Amino acid sequence: MCDEAATSEPPEARPAALAALVLGLYRFMLLACVAGILAHAARLLNIGILWDDGYIFQRYAKHLAEGQGLAWQPGGEPVYGLTALLYVFPALAGRTLTDDPGAAAMLPCFVFGVLFLVAFVRLLWRHVPGRPAARGVGLLLALACVAVSSTPAHFSSGMDTTFGLTYQALHLMAAARFAAAPSRARALTLGALGGLALWIRPELMAFSVLIPAALIWRPVEAEGGRRLAMEALGTTLLVLGACVGFNVAYFGLPFPLPFYAKSFSPYEGGIRRAYRGVNVQHLLTFLGFYWPLFAIVGAELFGRPRRFAKHADGLVLGTLFGLLAVLGYHGAIAIPVMAMAERFLQVAVIPVAYLASRIIADAWPEPEDDARFAPGRTPWLLAIAGLAGVGMLIWPKVDKEIREANWYLARNRPKFDLDAHAATDGPRSYWFRVDEFRALPSDLVVATTEVGMIGILHPDKQVIDLAGLNEPRFAFAPLDPGVLLGEMKPDLLYMPHQDYGPMVEAIENHPLFAENYFYLDKTRARTRNFGVAFRRDSPHFEAMKAIAEPHKSKRNGKGKKGKKGR
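Here this note's numbering is used: position 435 in the sequence shown is 435, and no number is missing along the way.
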């Protein structure tokens, strides 16, 4: 009996062993989430994945590097065509590292994706008050949602999404630092960061204004808390005003052209009909990825509304109001053009994760004596069961992403050759013979609605943006075919995307079009979306016609000629 008692494991060693197992499982789950996120992004490192709008930053960055300023046209006037204005500088940095515009577009996007992950983890671990165990639960849950969501796709899109997410995490960290210990330096930092929201992404102003406003309404319990919050809000508005002033002085406009174009011109017609209900679909998809976080926030709001209203601090309230504002805007008002992978809704990732983590930390039991915490096996067994449940939910997705990334990287080097890509069926199925037209002289004038890749393939040519996102003449009223065909006179006209139905009809039915342009509609050109037209009196007409003719002959069979275009 004595020997048996001497060799048996002490009872207190069992919880310690279980605690070590829980910690190991927890760390493994965190690493698995991060690995899944990076693997998802890595398998998309290919120029064929780049979004068309990602090239727009590269065209502006090229002109900026050449000393032409923020101009869309070579040697043209400054144009406020970038909604995320400051992202032109990461795009410029990409151009300094590589001459390939595809790699230059994707590199800063991926780098800011990694920075977003670092800032995201730091925000949820360092700036959520409460016990380490509570913060750990919130962090793991948030990372698990990111790992199974569409968010990692934005690491490789070439767009500004990860740039905005990184900024948003830094702004919320500045707000949390101010709320924890208000000071003038922290108030000014919060205000300066918040004021830049207009140049990061305009809808982020909802957070930069509402958070300090809520900290005024429900101030931090510290001497001068309300006054310092007022200084933060004042600094935010001052910097916002300075940004607007610069915009007016440099561009002649306070807000980017896409704001006007999507409010007043071509988007009012066919685009609104084509995208009716799509924003709701995107919202439901996004909620499906992040439902555990939204469920925690919703349970707190609707399960204990009085307690929440009474005890929530200004930072939580401001973050909540900002979250509701952006979800309402993108879910019910904005037109989700180029919103693949729920692009515009990604601004909700950080605030909902922060709110859910705060709620978990507030609800976490506080033991009277830390030494008596978890005296038995039950809490650790529950933790193991919880980690196993999370693992069962995310591991199939993580494992799939890692396997696909390994397969892709083992068999393919990331490819960014724009010349080779332009000759593939993908771009050519949109823009007729896009790789061949780029060889025409620099005085060729091109017009299209999808201007990203076209703007890069024709870097020294005039590229008219029919959607008005980079063309002031079409941003404030529906496109006037008389102006386009009679004054601007594009040599090569890729017809608007089929979603711009009224615009296509207006161009096709205008007398100048039938009189002055040779036209192949998308059926005759055998393209997916865009027909193509060549101006008959263009000095390049015969060269463009020669490019088109072999295509027609091949399509109509041996020895047969296709019908003449209009």
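Even glycine gets a Cβ: it sits at the ideal position worked out from N, Cα and C.
In this text, all values refer to a predicted model and were calculated from it rather than measured experimentally.
Status (buried if at least 16 other CB within 10 Å, exposed otherwise) for residue i
| i | result |
| --- | --- |
| ILE333 | exposed |
| LEU165 | buried |
| ASP369 | Unreliable placement is indicated for ASP369, whose pLDDT of 44 sits below 50; no coordinate value is reported for it. |
| ALA214 | buried |
| TYR578 | One cannot answer for residue 578 here, as it falls past the ends of the chain, which runs 1 to 566. |
| MET340 | exposed |
| ALA506 | buried |
| MET392 | exposed |
| ALA16 | exposed |
| GLU231 | buried |
| GLU450 | buried |
| GLN462 | buried |
| ASN247 | buried |
| LYS561 | For LYS561, the pLDDT reaches just 42, beneath the cut-off of 50, and the residue's location in the model is therefore unreliable, although a value from the coordinates is still provided. By the neighbour-count rule (16 or more Cβ atoms within 10 Å), LYS561 is not buried but exposed. |
| ARG372 | Any reading at ARG372 must be qualified, since the residue scores a pLDDT of 44, below 50, and its modelled position is unreliable; the value itself is stated next. With fewer than 16 other Cβ atoms within 10 Å, it is exposed. |
| SER208 | buried |
Beta-carbon spacing of residue i, residue j below 9 Å
| i | j | result |
| --- | --- | --- |
| ALA104 | ALA84 | no |
| ALA242 | GLY195 | yes |
| PRO351 | THR319 | yes |
| LEU82 | GLY94 | no |
| PRO152 | LEU50 | no |
| PHE530 | PHE541 | no |
| TYR408 | ARG177 | no |
| PRO481 | LEU512 | yes |
| LEU485 | ILE464 | no |
| ALA353 | CYS33 | no |
Option nearest residue i by Cα separation, candidates the options
| i | options | result |
| --- | --- | --- |
| LEU86 | VAL349, TYR167 and SER157 | TYR167 |
| ARG27 | TYR60, ASP53 and GLY136 | GLY136 |
| VAL390 | GLY138, ALA181 and LYS310 | GLY138 |
| MET544 | ASP499, GLY328, PRO490 and ASP460 | PRO490 |
| LEU283 | TYR260, ARG428 and GLN346 | GLN346 |
| ASP537 | ALA206, GLY288, GLU401 and LEU444 | LEU444 |
| ALA35 | ASN406, THR527, PHE518 and GLY501 | ASN406 |
| TRP183 | GLU221, THR523 and ALA410 | Per the sequence shown, the amino acid found at residue 183 is Ser instead of Trp. Among GLU221, THR523 and ALA410, the Cα nearest to that of SER183 belongs to GLU221. |
| ASP435 | ILE454, GLY102 and GLY76 | ILE454 |
| GLU203 | VAL326, PRO129 and ILE402 | VAL326 |
Nearest-angstrom Cα separation, counted from residue j out to residue i
| i | j | result |
| --- | --- | --- |
| GLY69 | ALA61 | 9 Å |
| PHE344 | PRO219 | 31 Å |
| ARG227 | ILE216 | 8 Å |
| ILE335 | PRO258 | 11 Å |
| GLU300 | PHE321 | 15 Å |
| ARG126 | VAL114 | 18 Å |
| ASP521 | HIS154 | 34 Å |
| THR96 | ARG59 | 14 Å |
| ALA423 | VAL446 | 18 Å |
| GLU471 | ASP417 | 28 Å |
| LEU140 | GLY386 | 11 Å |
| MET503 | MET495 | 9 Å |
| ARG306 | GLY158 | 44 Å |
| GLN498 | ARG272 | 13 Å |
| ALA206 | VAL79 | 25 Å |
| ALA546 | ALA197 | 49 Å |
| GLY224 | TYR430 | 60 Å |
| LEU238 | ALA525 | 53 Å |
| GLY501 | ASP362 | 53 Å |
| ALA41 | ASP419 | 24 Å |
What alpha helix (DSSP H) runs, 4 residues minimum, are completely inside the segment 436 to 482?
-> Listed in chain order, they are 452 to 457.
Any alpha helix (DSSP H) of 4 or more consecutive residues that is wholly inside the segment 169 to 246 | Note on the segment 169 to 246: whole alpha helix (DSSP H) runs with a minimum of 4 residues are 184 to 195, 197 to 200 and 205 to 217, in chain order.
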